[in-house]
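Numbering (this note's numbering), first residue to last: 257 to 684.
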């Protein structure tokens, strides 16, 4: 039987039982729409989580913590983050920059009459350009007692004598901020020190460094040494943290694994994002499985419809065989009819599913916008993609619904093909 003859015959047969085909296809429609909406919801959550997680830090950066950090959580102490260790990290394939990190948490920041706060982090100024940080204004290169401020540092300043918050945060670029320190010496006397920090760059917003001021590593070491009252030699004793930059996010996963094998504890946004994606793949599979239950019920409906069609068209099947139709031809007709029912339901399910997904997304976005306006956090939360329907999911839904239809028609097709021509023609 030629393909065009088969299609005309199938279309004619389906047209004779429009109501039954419509009801049967509705079951497939519901199952397909359920699969589409549920997997789209999981995919949207995955995209939102990935987008939010990427703002925590660059996917090509790895933060390495020293043994003292791990030991504080009860872990075994790995090798120190000394100069020799850092040099070894620099030789790893895919590593473009390595810098030790030294934190300073004391002192108070002052700008004219305003008082502020920020995390102060010391890094190697020679590798700042290799870190590929983006500045909204100013420059990245820093010298002694020069700093780069995060995007939110200016918002932390306030007037301690004012009754209300500042209407507009100060512009820190080009400003000289005073860092006021105090400690007690061996005699118990209070010792103070004031240092002028000139801000020569402001980072773009949306990263983990929004509330950080970066200074040259030697400056932060001097600050920590002054607060402790002794000179520090962290190059030999070991730093608390180190930051590693890789060429690609995929390379970050490999380097992260190599460093962990040496006993260090690391934090890599790319590695965590990879684990997060694996988790959401499982969630998508579970969501799809829930929707597939509805398709299973629809498959039983297709099998029932095609079985009933055998009883109604027994004489017709007998005539087909009598005029030369083979068992394969009869099976092809029934399988094609079942597949078409599944495909029609799948097309309707895709249309309904996409429309329902868009409706849910609009309603959820409106609710988020209202909550954002009430809380004063801004309207950016309303821009989240609540539901995301990838193109592969639409194609999969159509093919899967047609496949379910064909599978459901196997039993009726075999039964029709095995009918005796003589008995079929005599059937009343």
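Just so you know, even glycine gets a beta-carbon here, dropped at the ideal spot from N, CA and C.
Among the options, nearest to residue i - alpha-carbon criterion
i, options, result
"residue 341", "572, 519 and 559", "519"
"residue 438", "274, 485 and 665", "485"
"residue 515", "263, 644 and 321", "321"
"residue 611", "451, 410 and 650", "650"
"residue 603", "286, 405 and 264", "286"
"residue 384", "398, 307, 551 and 601", "398"
"residue 487", "670, 336 and 476", "476"
"residue 675", "614, 618 and 570", "570"
"residue 553", "263, 282, 264 and 258", "282"
"residue 482", "575, 436, 370 and 647", "436"
"residue 600", "661, 588, 307 and 427", "661"
"residue 647", "279, 292 and 270", "292"
"residue 653", "615, 609, 620 and 624", "609"
"residue 494", "262, 548, 418 and 355", "355"
"residue 725", "364, 400 and 454", "Here the chain covers residues 257 to 684 and nothing more, so residue 725 does not appear."
"residue 507", "645, 348 and 448", "348"
"residue 338", "574, 562, 497 and 509", "497"
Residue i, DSSP secondary structure in three states
i, result
"residue 433", "strand"
"residue 381", "helix"
"residue 307", "helix"
"residue 399", "coil"
"residue 518", "coil"
"residue 668", "helix"
"residue 548", "helix"
"residue 449", "strand"
"residue 443", "coil"
"residue 404", "strand"
"residue 634", "Low confidence applies to residue 634: its pLDDT is 48, below 50, so where it sits in the model is not reliable enough to give any reading."
"residue 618", "helix"
"residue 353", "strand"
"residue 523", "strand"
"residue 438", "strand"
"residue 413", "coil"
"residue 282", "helix"
"residue 260", "helix"
"residue 482", "helix"
"residue 567", "helix"
"residue 675", "coil"
"residue 213", "Because the chain here runs from 257 to 684, residue 213 falls outside it and cannot be looked at."
"residue 277", "helix"
"residue 645", "coil"
Residue i burial status per 10 Å Cβ neighbour count (16 or more: buried)
i, result
"residue 317", "buried"
"residue 525", "buried"
"residue 268", "exposed"
"residue 568", "exposed"
"residue 405", "buried"
"residue 672", "buried"
"residue 480", "buried"
"residue 542", "exposed"
"residue 463", "buried"
"residue 260", "exposed"
"residue 441", "exposed"
"residue 512", "buried"
"residue 580", "exposed"
Separation of residue j from residue i, as counted between CA atoms
i, j, result
"residue 564", "residue 655", "25 angstroms"
"residue 474", "residue 375", "16 angstroms"
"residue 379", "residue 351", "17 angstroms"
"residue 685", "residue 598", "Because the chain here runs from 257 to 684, residue 685 falls outside it and cannot be looked at."
"residue 665", "residue 559", "6 angstroms"
"residue 657", "residue 528", "35 angstroms"
"residue 362", "residue 540", "47 angstroms"
"residue 633", "residue 424", "In this prediction, residue 633 scores a pLDDT of 48, lower than 50, which makes its location untrustworthy; the coordinate-derived value is nonetheless stated afterwards. If I take the Cα positions, the gap works out to 17 angstroms."
"residue 557", "residue 290", "17 angstroms"
"residue 503", "residue 461", "23 angstroms"
"residue 583", "residue 577", "8 angstroms"
"residue 433", "residue 360", "16 angstroms"
"residue 614", "residue 531", "28 angstroms"
"residue 635", "residue 625", "Caution is warranted here: a pLDDT of 45 is assigned to residue 635, below 50, making its placement in the model unreliable, and no coordinate value can be reported."
"residue 394", "residue 431", "12 angstroms"
Paired residues, beta bridge with residue i - DSSP
i, result
"residue 359", "377"
"residue 394", "457"
"residue 317", "501"
"residue 368", "DSSP output for residue 368 lists no bridge partner at all."
"residue 468", "375"
"residue 511", "The partner list for residue 511 (beta bridge, DSSP) is empty, contrary to what the question assumes."
"residue 590", "BP columns for residue 590 are empty, so no partner."
Closer than 7 angstroms: residue i CB and nearest the ligand ATP heavy atom
i, result
"residue 611", "For the ligand ATP, the structure offers nothing, since it holds no ligand at all."
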